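Which chain is which? The protein sequence lines are A and B, in order. Quick note: the first sequence uses our numbering, first residue 1, plus one each step. Quick note: the second sequence uses our numbering, first residue 155, plus one each step. Have a look at the structure below before the remarks.
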Amino acid sequence: MDWLANVEAMVHHSRIKVPYTWSVGETGSRFFVELRDHRRILGRRCEGCRTVYVPPRKMCARCFQDTGAWVEVGPEGTLLTYTIVRYANELQPVKAPLAYGIIQLDGASTGLVHLLGDVDLKAIRSGMRLAPVFQEKRAGTILDIAYFQPVKAA
Amino acid sequence: MERVAIVGVGQIQQERNKVQDTFADMVFEATTKALEQAGIGIRQIENVVSASNDFWDGRTISSMAINDACGSYDKNISCVEGDGTFAAFYGMTRILSGAYDTTLVVAHCKGSESHSAHITNAMFDPLYVRSLGVDSIGSAALQARRYLDRYGITEEQCALVSVKNHGNAFRNPCAQLPLKLTVADVMKSRMLADPIKLLDASPISDGACAIILAREPVARKITDRPVWIRGVGYCADAYHLGDRDLAECDALSKASQKAYQMGGIRNPRKELDVVELYDAFSYQELLWTEGLGLCGRGEGGKLVESGATQMKGEIPVTPSGGLLSAHTVTAAGLVRIAEAVLQLRGGAGEHQIPGAKTALAHGVNGPCGQSHCVWILGV
Chain A
1 MDWLANVEAM VHHSRIKVPY TWSVGETGSR FFVELRDHRR ILGRRCEGCR TVYVPPRKMC
61 ARCFQDTGAW VEVGPEGTLL TYTIVRYANE LQPVKAPLAY GIIQLDGAST GLVHLLGDVD
121 LKAIRSGMRL APVFQEKRAG TILDIAYFQP VKAA
Chain B
155 MERVAIVGVG QIQQERNKVQ DTFADMVFEA TTKALEQAGI GIRQIENVVS ASNDFWDGRT
215 ISSMAINDAC GSYDKNISCV EGDGTFAAFY GMTRILSGAY DTTLVVAHCK GSESHSAHIT
275 NAMFDPLYVR SLGVDSIGSA ALQARRYLDR YGITEEQCAL VSVKNHGNAF RNPCAQLPLK
335 LTVADVMKSR MLADPIKLLD ASPISDGACA IILAREPVAR KITDRPVWIR GVGYCADAYH
395 LGDRDLAECD ALSKASQKAY QMGGIRNPRK ELDVVELYDA FSYQELLWTE GLGLCGRGEG
455 GKLVESGATQ MKGEIPVTPS GGLLSAHTVT AAGLVRIAEA VLQLRGGAGE HQIPGAKTAL
515 AHGVNGPCGQ SHCVWILGV
């Protein structure tokens with residue numbers, strides 16, 4: 001540290017910005033096309049262990065074999081866990097504070113990470129029932145689901 | 155199986171912003187210190203395994219950027235993109251393969267040079283998760299909530315970990331953030347992502363660490379105080395957060411069972427003298443103590459409340475102050491190994507656990523403890 005008394009510590013400012021085009025693959029493409037065109041959420045079931053993966057996976061990690069069948073899941077589901085992020089970062093699609101949850105859609109074995117919206121942040125609890133709200137204009141991305149909101153009591 | 159020893163470790167001061175050092179400078183300092191402690195020269199190092207992350211370094215093949223700083227430029231060097239404990243595992247297996255007598259393992263990270271949210275968001279799948287803006291704090295909060303809900307762990311119990319580890323850091327000259335705290339201080343600190351508050355989270359840190367491994371006959375020539383690797387276990391869980399039950403840590407249980415079996419540990423709570431954990435967030439120490447079998451499932455909160463994990467408790471956990479007091483990401487697990495070695499050599503100074511003979515060091519890679527590496531070291 002001694003040299004800092006004699007020399008200004010120089011700092012170089014830069015930024016890495018690299019374009020990517022990620023191939024979504026057959027399994028993911030079917031999922032996103034279905035989401036975009038029909039507002040339906042699809043999972044893939046492993047015929048070995050009956051696990052229903054959402055988002056759908058081409059292979060079952062547990063059985064190490066191809067998942068065999070498409071199944072429609074949800075649209076409603078149960079909140080497994082949640083958080084309310086209070087700080088802003090440049091990547092958040094909505095303004096902080098924003099709520100995230102892991103939602104187990106009806107018929108799915110796994111949880112889907114997504115945004116929670118149209119909800120009193122203080123009233124969010126694990127176990128609450130949720131339904132997806134779809135974007136009017138959909139592009140075939142995970143944000144075609146705008147967020148999950150609490151199911152209103154009948 | 156032939157025994158492998160750790161014959162030297164080198165740590166450097168961990169700081170919020172080491173503006174005076176490039177990351178290669180840090181690697182040079184840590185490597186030099188490890189060589190000094192072992193009492194050998196760089197020519198006695200036969201190969202190098204490094205741990206770094208290209209996103210954190212801002213350059214690809216980041217191991218090549220430290221080539222001269224770790225003395226590997228005319229040797230075999232391979233890089234582990236992940237925590238240093240996994241690099242040490244690879245370094246050990248290189249010796250066990252019979253190809254090398256000595257391996258230098260070195261890890262570095264400068265958290266100060268980029269933006270944590272950008273880099274940790276990039277851990278996640280670009281198709282399904284990244285565009286949601288989730289980062290390391292948000293994902294950890296999802297795990298914390300699940301764990302607290304499942305077992306009735308309280309935020310105050312998590313806060314006790316922060317109080318303990320920041321307090322321990324006062325006795326560790328390499329720690330970055332010693333703080334005298336109360337549970338109320340932690341509870342009052344700014345909410346980042348419920349239930350994680352500022353003082354439940356680890357700081358942004360710069361640092362590096364190096365260790366030198368040697369096969370038994372070579373180790374005995376280098377030092378009369380080798381620290382033996384008695385057991386190692388390594389286990390990875392699923393990538394997608396929603397594929398895992400985040401309230402549990404089965405990968406850690408499996409990794410520790412492998413390490414205990416290899417090391418002949420039957421009752422870890424009784425047989426371990428000191429434990430150094432990868433506590434990136436306060437709740438993680440509670441969850442990891444459960445995964446390691448130091449207490450039953452859901453009993454991590456009671457364990458910290460009992461005082462057993464204090465410096466002078468029955469099973470001291472993270473006397474160094476841990477990641478809560480300096481989170482050097484890819485170097486953080488290797489620091490845990492280096493700390494365990496200091497304890498076993500009686501060289502930990504003010505945070506020495508008297509008479510420590512058996513130590514556990516732990517490293518994590520991936521969000522919410524996706525993979526774990528557990529080390530049992532002994533003298």
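Glycine included, each C-beta is placed from N, C-alpha and C at the ideal position. The structure displayed is predicted, hence computed values, not measured ones.
### Query
When you compare each of 217(B), 289(B), 201(B) and 267(B) to residue 86(A) by their alpha carbons, which one comes out closest?
289(B)
### Query
If we call anything under 7 Å between Cβ atoms a contact, is residue 73(A) one with residue 109(A)?
no
### Message
When you compare the CB of residue 275(B) with every CB in chain A, is at least one pair closer than 7 Å?
### Response
yes
### Query
Under 7 Å between the Cβ atoms of residue 481(B) and residue 349(B)?
no
### Query
Are the beta-carbon atoms of residue 269(B) and residue 409(B) separated by less than 7 Å?
no
### Query
Taking the alpha-carbon positions, what's the residue 519(B) to residue 58(A) distance?
24 Å
### Contacting positions in the region 105-133 of chain A - beta carbon closer than 8 Å to chain B
110, 111, 112, 113, 114, 115 and 126
### Query
Looking only at its own chain, which residues have a Cβ that is under 6 Å from the Cβ of residue 495(B), when we skip the five neighbours before and after it?
160, 163 and 381
### Message
For residue 338(B), tell me which candidate among 497(B), 531(B), 361(B) and 312(B) has the shortest Cα-Cα distance.
### Response
312(B)
### Message
I want to see whether chain B comes within less than 7 Å of residue 85(A), judged by CB atoms only; does it?
### Response
yes
### Message
I'd like to know whether the C-beta atoms of residue 30(A) and residue 140(A) end up nearer to each other than 7 Å.
### Response
no
### Query
Short check: CB of residue 192(B) to CB of residue 307(B), under 7 Å?
no
### Task
Using a threshold of 7 Å, state whether the C-beta atoms of residue 79(A) and residue 103(A) are closer than that.
yes
### Query
Based on the DSSP output, what are the partners of residue 201(B) in its beta bridges?
230(B) and 257(B)
### Query
Since residue 285(B) meets chain A, which of its residues come closer than 9 Å, beta carbon to beta carbon?
91, 93, 141, 142 and 143
### Message
Counting C-beta neighbours from all protein chains within 10 Å, is the total for residue 64(A) 16 or more, i.e. buried, or is it exposed?
### Response
exposed
### Query
How would you list, in chain order, the residues of chain A whose beta-carbon sits under 7 Å from the beta-carbon of residue 452(B)?
Within chain A, no residue comes near residue 452(B); the closest Cβ sits about 16 Å away, beyond 7 Å.
### Query
Does the count of Cβ pairs from the region 468-488 of chain B and the region 202-212 of chain B closer than 8 Å reach three?
yes
### Query
CB-CB under 7 Å to residue 464(B), same chain, minus the five flanking residues each way: which ones, in chain order?
318 and 470
### Task
Establish whether the CB of residue 246(B) and some CB of chain A are separated by less than 7 Å.
no
### Query
Looking at the unbroken alpha helix (DSSP H) that takes in residue 248(B), where does it start and where does it end?
238-250
#### Entry: Beta bridge counterpart(s) of residue 88(A) as assigned by DSSP
DSSP output for residue 88(A) lists no bridge partner at all.
### Task
For residue 320(B), write down the residues that DSSP places opposite it in a beta bridge.
The partner list for residue 320(B) (beta bridge, DSSP) is empty, contrary to what the question assumes.
### Query
What residues of chain A sit near residue 288(B), judged by a beta carbon separation below 7 Å?
100 and 113
### Task
Determine the chain B residues that contact residue 16(A) at a beta-carbon separation under 8 Å, and present them in chain order.
212
### Message
Please state the DSSP three-state secondary structure of residue 180(B).
### Response
helix
### Contact with chain A by residue 305(B), beta-carbon distance below 7 Å
no
### Task
Kindly list, in the order they appear in chain B, the residues whose Cβ is closer than 7 Å to that of residue 22(A).
280 and 281
### Task
Determine the direct distance from the alpha carbon of residue 302(B) to that of residue 113(A), and round the result to whole angstroms.
19 Å
### Query
Expressed to the nearest angstrom, what Euclidean distance is found between the alpha-carbon atoms of residue 88(A) and residue 97(A)?
7 Å
### Query
In terms of residues, what are the limits of the alpha helix (DSSP H) holding residue 3(A)?
Counting along the chain, residue 3(A) falls outside any alpha helix (DSSP H), and DSSP gives it neither H nor E.
#### Entry: For residue 373(B) and residue 554(B), the rounded distance between their alpha carbons
The shown model of chain B, from 155 to 533, leaves out residue 554(B), and the question about it has no answer.
### Message
For the beta strand (DSSP E) containing residue 283(B), name the first residue and the last one.
### Response
No beta strand (DSSP E) contains residue 283(B), which DSSP labels as neither H nor E.
### Query
Hey, residue 9(A) and residue 75(A) are a contact pair by Cβ (cut 8 Å); roughly how many whole angstroms apart?
In fact, because the Cβ distance is near 56 Å, the residues do not count as touching under 8 Å.
### Query
With C-beta atoms as the reference, is residue 427(B) less than 7 Å away from residue 515(B)?
no
### Message
Runs of 4 residues minimum, wholly inside the region 408-484 of chain B: which ones carry the alpha helix (DSSP H) assignment?
### Response
422-425, 436-445 and 454-460
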